[in-house]
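Reading the sequence shown from the start, the letters are residues -29 to -1, 1 to 656 in mature numbering (1 follows the signal peptide of the UniProt record, and there is no 0).
By construction, the Cβ of each residue, glycine as well, lies at the ideal position given by its N, Cα and C atoms.
Keep in mind it's a predicted model, so treat the numbers as computed, not measured.
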Amino acid sequence: MLAVALQPLHAVAVLLGLSLATTSIHVLAADPPSQDTGNNPIVKDPINNLSYRGTITTLPSSSSANPKVQIEHYLNIRFASAPRFSPPTPFLYQSGSLIDATLPGPACPQSLPAIPPFFAETHAISEDCLNLRISRPAGTAPDANLPVVVHIHGGGVVKGSAYDPHFDPDRLLSLSVELGEPIIYVAINYRLTIFGFPRLPVLKKQKALNLGMRDQRVALEWVRDNIVYFGGDPSRVTAFGLSAGGTFTSLQMVAYAGEKGAPFTRAWMMSGPPGTALNMTEEKETERHTRNVAERVGCIFKKPEDDEDLLSCLRNVPMEELTEKAMGYSVENHPPAGLFTFIPSVDGDFIPERQSVLYQSGRVVKGIPTILSWAQDDGATNAGPAPLFVSEESMIPALTSFLGHSILSPSDISTLFSLYPESDFLEEYQSYLSRKSDTDPEAPIHYFRISRILRDILFTCSSIDFGHHLSRASYSEDPDFAGVRLYTLNQSMLTPLFKGAGMPWLGAVHGSDTNYIFNGVFPEFGDACSEEDGKLAREMAGAFVRFAASGDPSPKEKGKRENEDEGWVWPEAFGGRELEDGVEAKRGMEELRGVNVHVIGGPVGTGSCKVRHHGFVADGEDLGSMQKPIVGEGVEYREMGGKDDVEEKAKKPKQLRRKREALLEREKLLKRCAFINTLNEKLGV
Ligand SMILES: *[C@@H]1O[C@H](CO)[C@@H](O)[C@H](O)[C@H]1NC(C)=O
Ligand SMILES: *[C@@H]1O[C@H](CO)[C@@H](O)[C@H](O)[C@H]1NC(C)=O
Ligand SMILES: *[C@@H]1O[C@H](CO)[C@@H](O)[C@H](O)[C@H]1NC(C)=O
């Protein structure tokens, strides 16, 4: 099953969920779930006098009590229309319409080829792409009042759509039915690349910047206002996304400085904090990109007073040509995939200020139960091929390729490097040496350092900082706030793929969450995965379903909740019982004594960890754990594997918990992030 043909990946600058399109993965044809034709379900909206005609898929269930699960799909529902470079206007079907929602809608303009293992080939693009899809357990009653999850796809603002098979909701919905906690799934399209994020002063005047984010907003408002007809509960809408999709979800919470609220009530962001490397203050840069692409399509107007003409010229360029030229330009600007060339910007309206200024000053939508996460090796694909990192100096180009050449001073760089000393990475380095085969390449210790540095700068520290301030602001308004939770994912279904592609040093890389959160969706492998991965997928998707329902991913059963060593009891990051009820939320980053981080998957299993500030010693406690060897406590440390390990884990939850904590203590998250977050202004985030 895992015999896939892969060419070596050039993992040079893989940012936020995209790898080079030169990978070739033999795609196995997955057995499509059977489609019940001639049996089209209808959803009625009596208020607007509309009917939606959908399709049904039938899938096997793993539970014998529930032999077959049927899912209804309503595709290609238009939520807005928007002429090129104009803000979206909500779209209303004519009263009395019967809407054919049986076929997928077009994706927004983008390059068509697949980017395995993250995105499938795009089949149809159109500028008339502002449509969404809804899937729900078959026969959901109009008054079912089910929780709703809304997927905002990632793809570095250049790729993705609501219909990509990597985001197939069938398995997630089927699980929700089995768990007795059925949910409704929605996925939305939004404009990408130059269509979604063009920049010119005239557009700013017309409040027509950040178009792609305005599209998302209108889609989310459509869900809030219309999901009730599909049996959904508008007071329980979870926005979720990975990578750019997570970042967009985060940014929706600071949009309009939080003053207009948010059209969703819970948020789950995977490797998608508001910060990352998104410099939204680079007005001149993004404007320059727009002008350069205009020149390439023959719209040559040099004077700023001719911008109106420039804009109307650009509006007349055929979609295919503009897409191709914008993508070609983006790839040159940010090789290899052209990510993040046309990006959101501070526009004085939708995004009034730098994102970290907004949330740090409490100008954020408060009271939204939130999950923020990173993957253990989130920065690895950004770092580049491991064998390159032969010395400390060799780490610098990897850093500047993300942060610009003159952004960090030599003293910033040396402080940064000293916070990630070689001695902290010996064990990871040795662990790679011990598991690599003779033919596998070397991965010098500096690779492990730069990979962690990039992870923390791009994903971890902004997640902790955003979560911390959100928590703080929310508790100050509501002592019963359901909380912010953090997790790090340490398992990946993609590892064998990357090993096959000549990169055996990659572990739980960026983007690994998707296969789990959709409960084992993996189109490249016909949705097949190992027993261990299948188990984790069910658990993680289960936590997601519980979160959608209640704002808390922990199991409901009382017995389980009380045992904190039970893997899926998931305490709040800053404010839970563990940390004296909100006390931590009130502290600044420098004074934070600790946060709870949930480790998901990997050799030491799933469970919560209290991560204390490195150097901060609580009353009589010895926190020298990071100097101690991790092996110990009677738990043998080994790579995850078969059944024995699973049983072993079940026997020794306490020891595993201690080991997880020791591993995370060693990452010195709070100390390192306290420094990294001082760089926000320089980084423009
Ligand atoms: C709803 O639309 C149908 C189909 O066009 C029409 O026959 C019916 O009269 C409409 N009902 C109302 C209340 O407008
Ligand atoms: C962000 O943009 C501002 C304004 O153009 C610029 O001064 C700063 O150097 C940029 N930062 C990065 C990290 O690119
Ligand atoms: C993550 O997994 C790697 C390798 O599988 C292991 O070496 C490391 O200790 C794990 N870290 C945590 C925090 O689970």
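Same chain, Cβ closer than 6 Å to residue i, five either side skipped, listed in chain order
i      : result
Phe515 : Ile488
Gln41  : Ile27, Thr29 and Ala109
Met241 : Leu213, Gly217, Ser344 and Asp484
Arg185 : Pro58 and Pro59
Glu393 : Ile416
Residue i in three-state terms, based on DSSP
i        : result
Cys79    : coil
Ser445   : helix
Glu636   : helix
Cys580   : strand
Tyr156   : strand
Met184   : helix
Leu(-12) : Only weak support is given to the placement of Leu(-12): the predicted model assigns it a pLDDT of 36, under 50, and the value that follows is read from those uncertain coordinates. Coil.
Trp345   : strand
Trp193   : helix
Gln41    : strand
Asp135   : coil
Asn20    : coil
Met464   : coil
Val173   : helix
Arg162   : coil
Met290   : helix
Ala210   : strand
Phe90    : strand
Beta-carbon proximity check, residue i vs residue j, cutoff 7 Å
i      : j      : result
Asp318 : Lys130 : no
Phe388 : Phe419 : no
Asn116 : Asp204 : yes
Tyr161 : Gln177 : no
Leu103 : Ala190 : yes
Leu46  : Pro75  : yes
Pro113 : Ile154 : no
Phe272 : Ile165 : no
Pro172 : Phe56  : no
Ser433 : Phe545 : no
Gln223 : Ala233 : yes
Phe78  : Ile96  : Rather than Phe, the amino acid found at residue 78 in this sequence is Ala. A contact, by the Cβ cut-off of 7 Å.
Cys580 : Arg637 : no
Pro84  : Leu468 : no
Leu180 : Ser316 : yes
Nearest-angstrom Cα separation, counted from residue j out to residue i
i           : j      : result
residue 657 : Gly513 : Since the first and last residues shown for the chain are -29 and 656, residue 657 lies out of range.
Val120      : His376 : 40 Å
Tyr403      : Ala472 : 17 Å
His440      : Val336 : 11 Å
His417      : Arg564 : 29 Å
Glu70       : Ile48  : Note on identity: in this sequence residue 70 is Ile, with Glu being the wrong assignment. Distance between the alpha carbons of Ile70 and Ile48 is about 8 Å.
residue 658 : Val268 : Limits of the chain in this structure are -29 at one end and 656 at the other, which puts residue 658 out of reach.
Asp196      : Ser327 : 30 Å
Val570      : Gly350 : 17 Å
Ala645      : Leu329 : 18 Å
Cys270      : Leu281 : 6 Å
Phe321      : Leu182 : 10 Å
Glu495      : Ser382 : 45 Å
Ile424      : Tyr391 : 7 Å
Thr649      : Ser221 : 20 Å
Ser145      : Leu63  : 31 Å
Val194      : Val148 : 21 Å
Val656      : Phe373 : 13 Å
Lys506      : Cys500 : 10 Å
His(-4)     : Thr352 : Bear in mind that a pLDDT of 39 at His(-4), under 50, signals an unreliable position, so the number given afterwards is only what the model happens to contain. Using only the alpha carbons, I get a separation of about 21 Å.
Gly538      : Asp504 : 15 Å
Ser106      : Pro412 : 45 Å
Cutoff 8 Å; reference residue i; Cβ partners in own chain excluding five residues on either side
i      : result
Ile367 : Ile384
Thr371 : Ile378 and Leu379
Arg237 : Arg207, Val208, Thr209, Ala210, Ile339, Pro340, Thr341, Phe518, Ala519 and Gly522
Phe138 : His122, His124, Ala158, Thr485, Phe489 and Val492
Sequence-distant residues of its chain with Cβ nearer than 7 Å to residue i (five each side left out)
i      : result
Asn20  : Ser66 and Gly67
Thr386 : Phe646
Glu543 : Gly454, Val455, Arg456 and Asn567
7 Å Cβ cutoff, residue i in contact with chain C
i      : result
Glu303 : Absent from the structure is chain C; it holds one protein chain and no more.
Distance cut-off 6 Å: residue i Cβ against heavy atoms of ligand 5
i     : result
Asn20 : Ligand 5 is absent from the structure shown, which contains only ligand 1, ligand 2 and ligand 3.
Does the contact criterion of 3 or more C-beta pairs under 8 Å hold for the stretch 454 to 466 versus the stretch 475 to 483? Verdict: yes, contact present.
If we count Cβ pairs, one from each stretch, closer than 8 Å, do we get three or more for the stretch 295 to 310 versus the stretch 258 to 267? A contact exists between the stretch 295 to 310 and the stretch 258 to 267.
For the stretch 627 to 640 against the stretch 569 to 583, are there 3 or more C-beta pairs whose distance is under 8 Å? Cβ pair count under 8 Å is three or more, so yes.
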